[in-house]
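These protein sequence lines map, in sequence, to chains Z and C. Residue numbers for the first sequence follow my numbering, so the first one is 1 and each next one is one higher. Residue numbers for the second sequence follow my numbering, so the first one is 1 and each next one is one higher.
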Amino acid sequence: NAGVTQTPKFQVLKTGQSMTLQCAQDMNHNSMYWYRQDPGMGLRLIYYSASEGTTDKGEVPNGYNVSRLNKREFSLRLESAAPSQTSVYFCASWSVFGAANYGYTFGSGTRLTVV
Amino acid sequence: RKEVEQDPGPFNVPEGATVAFNCTYSNSASQSFFWYRQDCRKEPKLLMSVYSSGNEDGRFTAQLNRASQYISLLIRDSKLSDSATYLCVVNKRGAGGTSYGKLTFGQGTILTVHP
Chain Z
1 NAGVTQTPKF
11 QVLKTGQSMT
21 LQCAQDMNHN
31 SMYWYRQDPG
41 MGLRLIYYSA
51 SEGTTDKGEV
61 PNGYNVSRLN
71 KREFSLRLES
81 AAPSQTSVYF
91 CASWSVFGAA
101 NYGYTFGSGT
111 RLTVV
Chain C
1 RKEVEQDPGP
11 FNVPEGATVA
21 FNCTYSNSAS
31 QSFFWYRQDC
41 RKEPKLLMSV
51 YSSGNEDGRF
61 TAQLNRASQY
71 ISLLIRDSKL
81 SDSATYLCVV
91 NKRGAGGTSY
101 GKLTFGQGTI
111 LTVHP
């Protein structure tokens, strides 16, 4: 099925551990995004990639790095996890050039707990 | 002041009721507007885009007032399945007129429809 696939769905890390969240889309979209969602805060943009080969910081980039591996894949890395990074992470994609579905398609999310 | 503000609710309404959600945005450069729906522990999904002329999709009507920087969503004949969190979302143009789809989300309004 076409869409955005995120892995893993759940993860528990110890403080200081590292991990990479994977995201892939098969809709040939140019732009991809990573958001985090915390209670009372809404979704906040961490990093985005307007097109293959480019990445830029969003609202809350500290503690994260990203890689746009190719047009399909956009990964998010936590180098040294902290309890403040406990959150639900969503990957999304969007075609910049007038796709019929004007808006994001989200992955199903990764629930990350840092202890 | 938050860029996008919504009344968090919760709104508790009986089946068949009409309910309205409001949203204000602070950045006059905002160009595109959306309502998303998010079910508990699921990813947000696009409900509808919001156009200046207002638009309707079945029981849902969205309105935009650019002068007041105000967006609304009206749900008529509420169903139990309408219970969810409704997210107001805006997109503003960045440097050079591009937006790269960086959406700003409100905190969401919780709706519970009861029998």
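Even glycine gets a Cβ: it sits at the ideal position worked out from N, Cα and C. For clarity, every value in this text was computed on a predicted model and none was experimentally measured.
- Counting of Cβ neighbours within 10 angstroms places residue 14 of chain C among the exposed residues, the total staying below 16.
- Sequence-distant partners of residue 113 of chain Z (beyond 5 residues in either direction) whose C-beta falls short of 6 Å from its own C-beta, in its chain, are 12, 86.
- The DSSP-derived three-state label of residue 108 of chain Z is coil.
- Against residue 74 of chain Z, chain C offers no close residue; the least beta-carbon distance is about 13 Å (beta-carbon pairs closer than 7 Å).
- A contact between stretches requires three or more CB pairs, one per stretch, nearer than 8 Å, and the segment 49-69 of chain Z fails this requirement with the segment 22-33 of chain C.
- Listed as beta-bridge partners of residue 92 of chain Z by DSSP are Z/33, Z/106.
- Among the residues facing chain Z, residue 44 of chain C is included, as its CB has a counterpart in that chain under 8 Å away.
- Assignment of residue 107 of chain C by DSSP, reduced to helix, strand and coil, places it in the coil class.
- No Cβ of chain C is located within less than 8 Å of the beta carbon of residue 34 of chain Z.
- Here residue 94 of chain Z is not near residue 51 of chain Z, since their CB atoms are 8 Å or more apart.
- With a cutoff of 8 Å on beta-carbon distance, residue 105 of chain Z and residue 3 of chain Z are scored as near each other.
- Counting only Cβ-Cβ distances below 7 Å, residue 105 of chain C has contacts in chain Z at 42, 43, in chain order.
- By a beta-carbon distance limit of 8 Å, residue 77 of chain Z contacts residue 18 of chain Z. Their separation comes to about 7 Å.
- With its beta carbon less than 8 Å from one in chain C, residue 90 of chain Z belongs to the interface.
- Per DSSP, residue 27 of chain Z has no beta-bridge partner at all.
- Under the three-state reduction of DSSP, residue 82 of chain C is assigned to helix.
- Only residues of its own chain outside the window of five on either side were considered, and among them 80, 81 have a CB closer than 7 Å to the CB of residue 16 of chain Z, listed in chain order.
- Under the Cβ criterion of 8 Å, residue 108 of chain C is counted among the residues facing chain Z.
- With respect to chain Z, the C-beta atom of residue 53 of chain C has no partner C-beta closer than 8 Å.
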